[in-house]
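Numbering-wise, my numbering puts 588 at position 570 of the first sequence, and it's gapless, one number per residue.
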Amino acid sequence: MDSPSEIPKHYDPKASRLKYYPHWEEKGYFKGDPNKPGESFSIVIPPPNVTGSLHMGHALNNTLQDILIRYRKMDGYNTVWIPGTDHASIAVHWVLERKFKEEGTSRFEMGREEFLKRAWEFKEEAETNILGQLRALGVACDWSRQRFTMDDGLTNAVREVFVRLYNEGLIYRAERLINWDTVAQTTLSDLEVVHEEGVLGELWSFAYPLADGTGEIIVATTRPETMLGDTAVAVHPEDERYKDLIGKQLKHPITGREFPIIADEILVDPQFGTGAVKVTPAHDPNDFEVGLRHKLPMINLLNKDGTFNENGGPFCGMVRDEVRQAVKTRITELGLDRGTKEHTMNIGRSERSGSIVEPMLSTQWFVKAKPLAAPSLAAVENGFTNFVPTNWENTYYSWLRDIRDWCISRQLWWGHQIPAWHCKDCQEITVCREDPSECAKCGSTNIEQDQDILDTWFSSALWPFSTMGWPEKTDELAKWYPTATLTTGFDIIFFWVARMMMFGQYFMGHVPFKDVYIHALIRDEHGEKMSKTKGNVVNPLDMIEKYGCDGFRFTLAAFAAQGRDVRWDESRAAGYNKFVNKIWQAFRFTMGNLDNTQVVPKVTPHGVYDRWIRHQMRLAIGDLREALENYRFNDAAAALYQFIWDEFCDWYLELSKPILYGKGTATEADKESVQATLIEIFNALARAMHPIMPFFSEELWQQLPETEGSIMNASFPKVEDFEEAPQAAAEMVFLKDVVGSIRRIRADYQVVPKQQIKALIRTDEKHLQWLRAHEQSLQTLARTSFEPLDGSAPEKVATQVVDGAEIFVELSDLIDLEDERERLKKDLEKVEKDLATLNKQLSNENFIQRAPQAVVEEKQQLLGLATEKKGHLEDALNRLA
RNA sequence: GGGCGAAUAGCUCAGUGGUAGAGCGCCGCCCUUACAAGGCGGAUGUCGGGGGUUCGACACCCUCUUCGCCCACCA
């Protein structure tokens with residue numbers, strides 16, 4: 019029925035992907051079942067934002083998770099991979115508001131209801147898009163469990179968490195100094211403020227006159243406009259220069275307000291500047307603390323949009339930069355300017371809008387962080403959760419140790435509205451699970467829900483358990499929480515990982531994941547971070563189109579060394595695409611050399627090559643498993659690559675040819691042994707490569723004889739499936755050496771490749787026996803016959819010395835004795851160098867005594883071989899002399 | 001100011017104390033019926049510098065140089 023010609027000449031990755039993915043999904047192979055047996059291995063996807071499209075980070079991240087899930091599933095674990103998306107509050111706002119701007123409108127103009135309608139429409143579209151792209155990657159997500167951070171279940175979980183934390187005093191509402199984004203018009207958490215370093219600015223000094231007219235005090239600032247909100251000048255209590263001034267009143271030269279000179283040893287460094295500091299409690303974090311300590315008035319200068327309010331006096335209605343200039347002008351006019359110095363400083367900008375963040379006094383909701391952080395620190399210290407690579411622990415620790423309260427309220431609309439109701443009669447706040455109809459304190463029905471929404475990371479922090487049905491007690495939580503591994507980038511260790519730890523421990527009593535694998539950041543070929551604005555983004559879908567999904571995934575795995583970042587190098591993708599082709603061609607060869615492509619010959623492999631390649635397969639499986647279990651994806655890729663290309667294709671397939679073609683002494687039984695081995699190796703290989711190359715391996719699996727169902731449900735090969743064969747391995751080392759030597763002679767002397775050669779080989783009985791057994795292989799791989807040599811070698815020969823034999827090839831006219839001498843000398847130098855190293859080591863008493871016995875023996879053996887080789891090379895040289 | 005990381009072949013990068021590796025590129029030869037998207041052979045390294053630990057260091061420790069990243073409220 020099946021003939022070899024039915025296997026296409028090239029693998030079609032797109033066809034396989036379009037064929038198998040829907041099939042897997044339809045058959046329910048991605049579905050997890052918490053009631054099935056098997057040790058749990060669960061993953062929750064880092065939910066992609068419903069804003070953009072798949073980028074290289076997603077591709078890497080999800081490929082690695084898919085590798086883990088597929089591997090564990092094949093290995094008998096009860097696996098599930100829960101997918102979903104994140105509503106990405108501020109990111110969606112930002113995208114939409116830019117869109118609205120183009121349309122000539124804004125969210126404020128259209129109002130909350132219309133905005134949310136548009137946001138949901140946008141979400142649907144974006145979600146469909148990115149989930150489709152994820153599917154194109156081949157991910158084995160359980161789509162029946164797909165969640166969204168704003169779906170009903172998760173919204174319910176968010177409310178439950180909020181209410182409990184509020185009731186337990188871990189969420190509170192207070193007036194604090196917060197970060198204000200004047201463009202997005204919302205608060206930001208500290209993490210959403212990015213600090214731009216080394217910005218060249220100026221430090222401007224001016225004088226505040228004493229109210230009684232007896233003098234002045236000079237202060238300096240990088241933000242002159244804030245002086246409108248100054249309510250004190252602070253000096254160090256021990257500073258002799260100012261001791262007499264403490265307690266005196268200053269008169270504000272613009273607003274006319276009077277305020278005191280105070281002493282504060284925390285704020286003031288007497289060595290810096292003039293040693294006197296202007297204090298603006300409503301617009302500077304340090305000054306705010308001073309304000310609390312000294313009960314200073316706090317004057318808020320800003321409107322939500324960043325314009326100055328009535329407290330700005332004459333500058334009311336102007337924006338920051340205008341006020342800054344106007345203040346300086348006015349002060350100069352008043353004769354109070356005391357000079358300007360260049361000054362490098364840091365500027366905080368909004369991660370999203372890029373606007374300069376204004377510290378501002380405002381009443382907001384906060385999560386009390388310290389009590390939540392302590393257990394999360396301990397959990398990693400005690401190894402309940404492990405970072406891979408471990409050095410990321412330090413990053414995690416350092417943030418949690420100095421954690422500050424988390425401002426969670428946002429003046430945005432797309433997100434979870436805060437479940438708090440303000441009573442307009444008694445001002446009391448009612449926080450509860452069900453929407454209340456009246457104030458909990460006074461019973462008034464004149465209540466209104468808080469207009470703010472929660473920071474988008476609040477719901478993300480619940481992801482590992484909210485996706486499993488919490489707060490209900492579900493089978494999913496019982497089986498799959500905690501999850502096995504979180505795979506993510508280092509950039510969200512604080513935003514997300516740490517907060518999942520805190521909330522997971524608080525609400526579930528256990529850490530949310532056993533391992534946190536921090537993967538590399540993929541940069542462009544110049545080492546630059548990929549970004550749309552730079553235009554250096556590599557689109558994963560283009561790569562899938564170009565190199566096939568399997569080749570692309572293999573490339574990502576091969577890139578994923580445990581480091582910090584990697585540079586994208588498309589030539590490697592091209593290389594691994596060739597690798598896929600190489601396997602495909604080997605597969606065609608295999609299938610083309612079966613007598614019946616439906617049946618596996620029922621024989622035990624007995625040939626020496628069969629035993630050798632099975633031995634190599636055993637080693638490769640061991641390496642592969644170890645790599646996968648330790649998140650060493652690049653080692654896993656290398657183990658496959660090396661075995662398939664260097665051992666299986668380059669040697670085993672070539673060695674198998676004469677046997678399959680019945681050449682030499684090969685019998686029908688030998689042929690069947692090879693056929694059985696080929697199929698068995700391919701069968702195991704398909705399964706071994708499946709986690710990395712799901713579609714390609716399925717394609718092989720479907721064509722291989724006597725396979726059933728999908729490869730997704732097959733088992734991952736075990737080391738014990740293939741027995742050791744040290745004898746065959748030793749024989750192959752020798753054979754490879756001999757073949758290599760003869761090939762080298764051919765290349766060195768440009769012997770016409772088809773020309774038959776006869777080698778004279780001087781060796782011992784054991785090696786001679788081996789040579790006789792491999793006569794056919796020497797013929798096929800090196801086109802050489804051989805004769806044992808007893809006495810001395812003829813004059814005009816090319817010589818090669820290998821471990822266990824001396825090889826001479828008579829080339830009569832072709833031989834150039836001068837060249838030959840040079841080559842031999844070079845070989846000799848190399849051996850002598852090795853020998854010197856070995857001799858030095860072995861003559862060192864300390865080495866003999868202290869090095870492990872095995873190492874010493876190995877060196878002694880190497881010394882013996884090198885000595886023998888040296889002798890043989892010298893003999894050869896002497897003959898030519 | 002604190003913390004983390006990197007420096008290995010022309011390029012991009014692996015390397016887990018025991019004689020330096022891969023891919024791409026380069027130089028020869030070869031269309032041998034699985035694969036020219038291939039085969040065979042070859043060249044290329046002061047493993048950033050300097051100390052130290054060790055029988056032995058590319059690997060561990062210290063230090064310096066260069067580059068990168070993260071965190072931080074110094075006016």
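Every residue, glycine too, gets a C-beta built ideally from N, C-alpha and C.
Please state if the CB of A158 and the CB of F48 are separated by a distance shorter than 7 angstroms. Contact flag set, yes.
Continuous beta strand (DSSP E) assignments of at least 3 residues falling wholly in the segment 571-629: Within the segment 571-629, the complete beta strand (DSSP E) runs of at least 3 residues are 583-585.
When the distance is taken between beta carbons, is I63 closer than 7 angstroms to E214? With a cutoff of 7 angstroms on beta-carbon distance, E214 and I63 are scored as not near each other.
Taking C-beta to C-beta, are D470 and S427 nearer than 7 angstroms? Against a cut-off of 7 angstroms, the Cβ pair of S427 and D470 comes out as a contact.
L36 classed as buried or exposed, judged by whether at least 16 other C-beta atoms fall within 10 angstroms: It counts as exposed.
Quick check: the Cα distance between Y499 and Y95, rounded to an integer number of angstroms? Distance between the alpha carbons of Y499 and Y95 is about 14 angstroms.
Of the choices R705, V337, P558, L778, whose alpha-carbon is the least far from that of R241? Ranking the options by Cα distance to R241, first place goes to V337.
Using 8 angstroms for Cβ pairs, my map puts P735 next to R88. What's the rounded Cβ distance? For a cut-off of 8 angstroms, the C-beta gap from P735 to R88 is around 13 angstroms, too long to register as a contact.
Using 6 angstroms as the cut-off, classify the Cβ of E886 as near or not near the heavy atoms of the ligand FMN, replying yes or no. Only the bare structure without any ligand can be found here, which leaves the ligand FMN out of the picture.
Let me make sure I understand the geometry here. Which of W719, R643, G553, P723 has the alpha-carbon closest to that of T615? Of the candidates W719, R643, G553, P723, the one whose C-alpha sits nearest the C-alpha of T615 is P723.
So what's P332 in DSSP terms, helix, strand or just coil? Three-state DSSP puts P332 in a helix.
Quickly, what does DSSP pair N67 with across the bridge? List them, please. Paired residues: D104.
May I ask you to verify whether the segment 803-817 touches the segment 771-785, counting CB pairs closer than 8 angstroms and requiring at least 3? These segments touch.
Tell me which same chain residues have a C-beta within less than 6 angstroms of the C-beta of H105, skipping the five on either side of it? For H105, where only same-chain residues beyond five positions count, the Cβ hits under 6 angstroms are T167, M168.
How about L209 and K386: are their beta carbons less than 7 angstroms apart? Not in contact: L209 and K386 (Cβ atoms no closer than 7 angstroms).
Using a Cβ-Cβ cut-off of 6 angstroms (strictly less than) and excluding sequence neighbours within five positions of V621, which residues of its own chain qualify? Excluding its 5 nearest sequence neighbours in each direction, V621 has C-beta neighbours in its own chain below 6 angstroms: E690, S691, A694, listed in chain order.
Helix, strand or coil for Y535? Go by DSSP, reduced to three states. Y535 falls in the strand class under three-state DSSP.
Sub-7 angstroms separation of I100 and T485 beta-carbons: With a cutoff of 7 angstroms on beta-carbon distance, I100 and T485 are scored as near each other.
Assigned exposure category for Q879 - 16 Cβ within 10 Å defines buried: Taking all protein chains shown into account, Q879 has fewer than 16 neighbouring C-beta atoms within 10 Å of its C-beta and is therefore exposed.
From Y767, K754, A800, pick the residue whose C-alpha is nearest to that of H785; which is it? Of Y767, K754, A800, the residue nearest in Cα terms is K754.
If you compare alpha carbons, which of D533, K346, Q797 is closest to Q773? It is Q797.
What do you get for C457, buried or exposed, if any count of 16 or more other CB atoms within 10 angstroms of its CB means buried? Buried: at least 16 other Cβ atoms inside 10 Å.
Report the three-state DSSP secondary structure of Y226 (helix, strand or coil). Of the three classes helix, strand and coil, the one that applies to Y226 here is strand, per DSSP.
Terminal residues of the beta strand (DSSP E) in which M711 lies: For M711, no beta strand (DSSP E) encloses it, and the DSSP letter there is neither H nor E.
Any contact of the segment 834-842 with the segment 865-875, i.e. 3+ C-beta pairs under 8 angstroms? Short answer: they don't touch.
From which residue to which residue does the alpha helix (DSSP H) around R868 run? Unbroken alpha helix (DSSP H) run through R868: 863-868.
What are the boundary residues of the alpha helix (DSSP H) that W514 is part of? Counting along the chain, W514 falls outside any alpha helix (DSSP H), and DSSP gives it neither H nor E.
Is it a yes or a no for the segment 257-264 touching the segment 302-322, going by three-plus beta-carbon pairs under 8 angstroms? Too few Cβ pairs lie closer than 8 angstroms, so no.
Nearest residue (CA-CA) to D473, options I148, V176, D664: Nearest of I148, V176, D664 to D473, Cα basis: V176.
Buried versus exposed call for H361 [16 or more other C-beta atoms within 10 Å across all chains shown]: By the 16-neighbour rule on beta-carbons within 10 angstroms, H361 is exposed.
Less than 7 angstroms separating the beta-carbons of Y767 and L703? No.
Endpoints, beta strand (DSSP E) assigned at V757: Where V757 is concerned, there is no enclosing beta strand (DSSP E), although the alpha helix (DSSP H) it sits in stretches over 744-766.
Mapping DSSP to helix, strand and coil, what is D20? Confidence at D20 is low in this model, with a pLDDT of 39, below 50, so its placement is unreliable and no value can be given for it.
Looking only at DSSP bridge pairs, what is I472 linked to? In the sequence on display, residue 472 carries Leu and not Ile. The partner list for L472 (beta bridge, DSSP) reads S427.
Is the Cβ-Cβ distance between A294 and M316 less than 7 angstroms? Cβ distance not < 7 angstroms, so A294 and M316 don't count as in contact.
Express the C-alpha separation of E24 and H633 in angstroms, rounding to a whole number. Rounded to whole angstroms, H633 and E24 show a C-alpha spacing of 31 angstroms.
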